[in-house]
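Engineer: Numbering follows our numbering, in which position 65 of the sequence shown is assigned residue number 147; successive positions increment by one, without gaps.
Ideal Cβ positions, reconstructed from N, Cα and C, are used throughout, including at glycine.
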Amino acid sequence: MKLINKSEISGGLLQEIESVIERGSDHHIFELIATRVEETGYRYCKEIRKTGSTDGMLRVQFRTVPDLCRALLRASCSTELLGDGRRSFQEFGYMVDCSRNAVPQIDTLKQLVKFLALMGYSYLGLYLEDTIEIEKEPYLGWMRGGYTKKEIKELVFFAEIFGIEIRPYVQTLAHLNQITRYEQYQEFIDTDDILLVGDERTYRFLDRYLQSVSEAFSSKKINIGMDEAHMVGLGKYLDQHGFRNRIDIMLEHLERVVKICRKYGLLPQMWSDMFFRLAYGGKYYVEGERKRVKVKIPKGLDLVYWDYYSTNETHYEEMIEMHQSMTDRLCFASGAWKWTGFAAQNRYSEEVGRAALHACQHQQISDVVVTGWGDDGGEASVFSVLPALFADARVAYKDRIEESAFYSLTAMPVHVFLSADLSNFDDGLLDLCEKRRNKKQTALKEESQTRLDEKTQKPICRNNTGKFLLYNDPFLGTFDSVAAEIPPEYYRKAAEVLQSAIQEYGDSTFLYLLQTQEALCRLLHHKAKLGLEIRRAYA
83 MKLINKSEIS
93 GGLLQEIESV
103 IERGSDHHIF
113 ELIATRVEET
123 GYRYCKEIRK
133 TGSTDGMLRV
143 QFRTVPDLCR
153 ALLRASCSTE
163 LLGDGRRSFQ
173 EFGYMVDCSR
183 NAVPQIDTLK
193 QLVKFLALMG
203 YSYLGLYLED
213 TIEIEKEPYL
223 GWMRGGYTKK
233 EIKELVFFAE
243 IFGIEIRPYV
253 QTLAHLNQIT
263 RYEQYQEFID
273 TDDILLVGDE
283 RTYRFLDRYL
293 QSVSEAFSSK
303 KINIGMDEAH
313 MVGLGKYLDQ
323 HGFRNRIDIM
333 LEHLERVVKI
343 CRKYGLLPQM
353 WSDMFFRLAY
363 GGKYYVEGER
373 KRVKVKIPKG
383 LDLVYWDYYS
393 TNETHYEEMI
403 EMHQSMTDRL
413 CFASGAWKWT
423 GFAAQNRYSE
433 EVGRAALHAC
443 QHQQISDVVV
453 TGWGDDGGEA
463 SVFSVLPALF
473 ADARVAYKDR
483 IEESAFYSLT
493 AMPVHVFLSA
503 DLSNFDDGLL
513 DLCEKRRNKK
523 QTALKEESQT
533 RLDEKTQKPI
543 CRNNTGKFLL
553 YNDPFLGTFD
563 SVAAEIPPEY
573 YRKAAEVLQS
583 AIQEYGDSTF
593 LYLLQTQEAL
603 CRLLHHKAKL
613 GLEIRRAYA
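1. Between which two residues does the beta strand (DSSP E) containing Ala415 stretch?
2. From Leu114 to Leu154, what does the alpha carbon distance come to, in whole angstroms?
3. Helix, strand or coil for Thr553, going by three-state DSSP, please let me know.
4. Let me know if Ala576 comes out buried or exposed under the rule of 16 or more other beta-carbons within 10 Å of its beta-carbon.
5. With Arg411 and Leu385 assumed to form a contact (beta carbons below 8 Å), what rounded beta-carbon distance in angstroms separates them?
6. Using the Cβ count rule (16 or more neighbours within 10 Å means buried), how would you classify Phe357?
7. For Lys521, which option in Leu191, Phe174, Pro495, Val295 has the closest C-alpha, if you only look at C-alpha atoms?
8. With a cut-off of 8 Å on the beta carbons, I'd call Val467 and Ser431 a contact; round off their distance for me.
9. Assign Cys127 to one of two classes, buried (16 or more other C-beta atoms within 10 Å of its C-beta) or exposed (fewer than that).
10. Could you check if Ala601 is buried or exposed, using at least 16 other CB atoms within 10 Å of its CB as the buried criterion?
11. If I measure Cβ to Cβ from Leu612 and keep anything under 7 Å in the same chain, skipping five residues before and after, which residues do I get?
12. Which residues in the same chain have their Cβ closer than 7 Å to the Cβ of Glu173, if we skip the five residues on either side of it in sequence?
13. Report yes if the C-beta of Pro350 is less than 8 Å from at least one heavy atom of the ligand HEM; otherwise report no.
14. Just checking my contact of Glu247 with Ile188 at CB under 8 Å: how many whole Å lie between their CB atoms?
15. Smallest Cα separation from Arg286: which of Gln266, Asp274, Glu233, Gly459?
16. Where do the N-terminal and C-terminal ends of the beta strand (DSSP E) with Arg544 fall, by residue?
17. If you compare alpha carbons, which of Asn506, Asp274, Phe270, Tyr291 is closest to Arg283?
18. To the nearest whole angstrom, what separates the beta carbons of Ala493 and Val451, a pair I think is in contact under 8 Å?
19. My output table needs one value for Gly175: the three-state DSSP class, helix, strand or coil.
20. Per DSSP, which residues does Ala298 bridge with? Please list them.
21. What residue range does the alpha helix (DSSP H) around Gly207 cover?
22. Under 9 Å, do Leu491 and Met201 count as touching if we go by C-beta distance?
23. Considering just the uninterrupted stretch of the alpha helix (DSSP H) at Gly454, what are its terminal residues?
24. On the three-state DSSP scale, how would you describe Thr273?
25. Please list the terminal residues of the continuous alpha helix (DSSP H) segment that includes Phe507.
26. Under a Cβ-count criterion, where at least 16 other Cβ atoms within 10 Å of its own Cβ denotes burial, should Ala101 be classed as buried or exposed?
27. Can you give me the start and stop residues for the beta strand (DSSP E) that Arg145 sits inside?
28. Please decide whether Met356 counts as near chain C, where near means a Cβ-Cβ distance under 9 Å.
29. Can you have a look at Trp421 and say buried or exposed, based on whether 16 or more other CB atoms are within 10 angstroms of its CB?
30. Could you tell me which of Ser181, Tyr367, Ile216, Tyr176 sits nearest to Arg290, measuring between CA atoms?
31. Taking 8 Å as the threshold, find out whether the stretch 311-324 comes into contact with the stretch 255-266 through three or more Cβ pairs.
32. Can you list, in chain order, the residues of its chain with a C-beta nearer than 8 Å to that of Ile624? Leave out the 5 residues immediately preceding and following it.
33. Which class does Lys341 belong to by DSSP, given the choice of helix, strand or coil?
34. How many angstroms separate the CA atom of Ala502 from the CA atom of Gly317?
35. Determine which residues share a DSSP beta bridge with Tyr251 and list them.
36. Under the assumption that Leu360 contacts Ile329 (Cβ atoms under 8 Å), give the Cβ distance between them as a whole number of angstroms.
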């Protein structure tokens with residue numbers, strides 16, 4: 083798609099948009115008349131119509147640049163442009179993990195910014211534990227590939243072209259295990275990877291940390307972490323002060339951190355689980371248990387309820403209501419599953435996202451983020467979850483954008499991109515990919531529902547078989563019982579599907595995803611059941 087700019091829109095912005103969707107969409111030329119308005123979302127003023135030498139005139143009204151980008155993505159694959167698109171959430175973002183030994187290059191994040199804008203997201207979060215340059219802290223992020231302030235500012239400047247806000251996600255209590263190896267930090271570590279609450283060295287460190295973050299990012303919004311600090315107050319703190327109510331310890335620390343945030347003009351939010359667990363006896367997922375919880379949360383602090391483990395919409399609604407008994411400043415974090423191995427789990431992520439985002443719409447949550455964690459090594463590509471992000475954006479906008487818009491983004495149909503998930507056993511997905519390859523099925527949505535296990539009634543495609551079968555020792559056979567349940571020809575067929583896709587979609591930027599997964603599936607065809615075959619041969 084080519085755009086002749088008849089608007090006051092930056093020509094550089096349109097060139098960047100064209101650079102993404104040109105290969106994936108039909109080669110139409112449109113005269114673009116885009117007008118910024120106060121009303122939220124975007125709307126097409128008229129259908130595309132013929133105008134002389136061009137394919138049509140495209141008139142769009144929009145509120146934000148991501149709204150315009152999404153409107154142009156939709157226009158790239160459809161001539162039936164009626165109605166409008168309004169995002170259900172005032173703020174809608176994606177958070178990428180930059181701390182699990184896989185720090186994305188700035189150019190990679192710039193490419194991600196383009197994709198997010200075209201799907202209609204409003205911000206990109208960078209999860210930084212120690213992977214950012216902090217003045218007077220030379221060991222913070224040492225040899226870990228952390229970002230300099232200059233690099234962050236370069237990304238922020240680029241993202242502003244697309245109307246994308248870059249937000250810092252940091253840690254100010256736990257999850258700082260990488261710094262515990264250095265003696266100078268050990269002095270104010272409580273236990274495990276948790277900072278020592280009440281120690282002035284902790285707050286001098288956090289002051290330098292938050293000052294540097296505030297100087298690197300233009301956004302005033304910051305996530306200060308504080309999740310999963312299960313042992314807070316039970317190490318050095320216990321030795322020094324004796325046992326205390328841990329909600330009180332959390333609140334004292336939080337007050338100090340919030341005070342530092344205010345010093346640098348930052349607007350903090352934190353993960354909700356520690357307050358929730360302490361209020362509900364250590365549980366984070368509670369069913370059928372309602373009580374009014376009174377917690378003195380600092381003024382101006384948002385809590386973020388994170389959850390990506392259920393496909394039940396009612397579950398999310400009930401949990402949101404319980405969180406709302408604690409605070410009236412609630413945000414939500416869903417997840418695009420890319421953190422369990424070499425491949426993402428997009429179909430499961432789509433089911434989780436649909437249920438969670440519908441609940442957020444019903445409960446009028448204004449700020450929603452999709453998280454892309456990188457636990458256990460960050461082995462899956464940052465872009466491996468694009469199908470899940472595309473699906474979540476469809477729920478958020480409710481604008482009936484066509485499946486072919488995904489092709490405009492990636493130069494690859496959705497079902498082909500999903501085949502990169504096949505190393506994680508999912509015979510339903512394999513069947514779908516084979517049917518689409520053989521032209522026996524035309525609509526992905528006909529079989530896009532995640533199948534349920536007959537016994538547990540839980541989605542069965544959340545697994546990381548591709549990883550543990552690769553590392554499974556054929557003589558020890560730790561996971562042979564799982565391998566026995568996989569059909570003998572599964573990985574051979576998966577490799578064939580991927581090989582066919584590689585040959586057909588060799589021009590896609592994301593060809594490497596298919597190539598690495600094809601190689602893995604080809605290997606697993608021989609290795610997955612090797613231990614079983616060896617034992618059978620010696621029986």
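Structural biologist: So, to answer that:
1. 412-417
2. 9 Å
3. Residue 553 is actually Tyr in this sequence, not Thr. If DSSP states are grouped into helix, strand and coil, Tyr553 belongs with the helices.
4. So Ala576 ends up on the buried side.
5. 7 Å
6. buried
7. Pro495
8. 6 Å
9. exposed
10. Per the 10 Å Cβ criterion, exposed.
11. Same-chain partners within the cutoff: Pro556.
12. Ser204, Tyr205, Ser448, Asp449
13. The model on display carries no ligand, and the ligand HEM is accordingly not part of it.
14. That pair is no contact at about 16 Å.
15. For Arg286, the closest of Gln266, Asp274, Glu233, Gly459 by C-alpha to C-alpha distance is Gln266.
16. Counting along the chain, Arg544 falls outside any beta strand (DSSP E), and DSSP gives it neither H nor E.
17. Per the Cα distances, Phe270.
18. That belief does not hold up - the Cβ atoms of Ala493 and Val451 are roughly 27 Å apart, past 8 Å.
19. strand
20. Note: Ala298 sits in no beta bridge, so no partner.
21. Looking at the DSSP string, Gly207 is not in any alpha helix (DSSP H); the run it does join, the beta strand (DSSP E), is 205-209.
22. yes
23. Counting along the chain, Gly454 falls outside any alpha helix (DSSP H), though it belongs to the beta strand (DSSP E) covering 449-454.
24. strand
25. Annotation for Phe507: no alpha helix (DSSP H) segment contains it, and DSSP assigns it neither H nor E.
26. The identity of residue 101 in the sequence shown is Ser, whereas the question assumes Ala. Residue environment analysis places Ser101 among the exposed positions, since fewer than 16 neighbouring C-beta atoms fall within 10 angstroms of its C-beta.
27. Counting along the chain, Arg145 falls outside any beta strand (DSSP E), and DSSP gives it neither H nor E.
28. The chain inventory of the structure shown lacks chain C, comprising one protein chain alone.
29. buried
30. Ile216
31. yes
32. In the structure as shown, the chain begins at 83 and stops at 621. Residue 624 is therefore absent and cannot be evaluated.
33. helix
34. 44 Å
35. Tyr209, Asn305
36. 5 Å
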